[in-house]
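Enquirer:
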Amino acid sequence: MDCIFCKIVNGTIPSSKVYEDADFIAILDINPVSKGHILVLPKKHYVNIMDMDDEVLKKCAIVLKKLCGSLTKALGVSGVNLIQNNGKDAGQIIFHSHFHLIPRRPNDGINIGMEHHRYDEGELEKYADLIKKFV
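Positions in the sequence shown are counted from 1; adding 32 to them yields this note's numbering.
1) Classify Ala-106: buried if its beta carbon has 16 or more other beta carbons within 10 angstroms, exposed otherwise.
2) So is His-130 buried or exposed if we call it buried at 16+ other beta carbons inside 10 Å?
3) In angstroms with no decimal places, state the Cα-to-Cα distance between Glu-75 and Ala-160.
4) So the candidates are Tyr-151, Ser-110, Lys-120; which of them puts its Cα closest to the Cα of Asn-139?
5) Going by CA-CA distance only, name the one from Phe-56, Phe-127, Asn-63, Met-146 that's closest to Glu-87.
6) Could you tell me whether the Cβ of Pro-135 comes closer than 8 Å to any Cβ of chain E?
7) So Ala-93 is in the alpha helix (DSSP H); what residue range does that whole segment cover?
8) What three-state label does DSSP hand Tyr-24 in the structure shown?
9) Excluding five sequence neighbours on each side, which residues of the same chain lie with their C-beta closer than 8 Å to the C-beta of Cys-100?
10) Starting from Pro-135, follow its DSSP beta bridges and name the residues at the other end.
11) For Ile-125, which three-state DSSP category applies?
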């Protein structure tokens, strides 16, 4: 498989590792949004979050919580963005599921930016009903 994250996991490509356990590795992003930006990678190749086993995803939540706490303590930051993109249209570039932990500081000028919109009359319930059919 020609996956850059698989190569990082197996040590073929060097990385600045900040955490590792049996299922995950966490590394510093080489092109950070802010200093201390961490990527959390499952060691097993999953294309996106919908591809991940439920048990692995549960473990992932614990790792993410731990690393968010580590970032706030180590860097003295006031917040952390947790971002995970699924699919090309959502901004996923590397198709090995991964999570971004981005340390935030007051007035850091970083715009994670989501433009909010309103539903038209009756659309809210229509979308809720449609989604509920697949839950």
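Ideal placement from N, C-alpha and C gives every residue a C-beta, glycine not left out.
Expert: Considering the structure as presented:
1) Reading the sequence shown from its first residue, position 74 is the one you call residue 106. Exposed, because fewer than 16 other Cβ atoms sit within 10 Å of the Cβ of Ala-106.
2) For the purposes of this step, residue 130 is identified with residue 98 of the sequence shown, where counting begins at 1. Under this definition His-130 is a buried residue.
3) On the sequence shown, residue 75 is found 43 positions in, with the first residue counted as 1. On the sequence shown, residue 160 is found 128 positions in, with the first residue counted as 1. For clarity, residue 75 is Lys in the given sequence; the question names Glu instead. Approximately 35 Å, taken between the alpha carbons.
4) Counting from one through the sequence shown, the residue named residue 139 turns up at place 107. Among Tyr-151, Ser-110, Lys-120, the Cα nearest to that of Asn-139 belongs to Ser-110.
5) In the sequence shown, residue 87 corresponds to position 55, counting from 1. The candidate whose alpha carbon is nearest that of Glu-87 is Phe-56.
6) Chain labels in this structure do not include chain E; a single protein chain is all it has.
7) Against the sequence shown, residue 93 aligns to sequence position 61. It spans 86-107 - the alpha helix (DSSP H) in which Ala-93 sits, taken as one unbroken run.
8) Beyond the ends of the chain as shown, which are 33 and 167, falls residue 24; an answer cannot be given.
9) In the sequence shown, the residue the question calls residue 100 occupies position 68. Only Val-112, Leu-114, Leu-133 meet the Cβ criterion.
10) Residue 135 sits at position 103 when you count from the first residue of the sequence shown. Pro-135 is bridged to Val-112.
11) Translated into positions along the sequence shown, residue 125 becomes position 93. If DSSP states are grouped into helix, strand and coil, Ile-125 belongs with coil.
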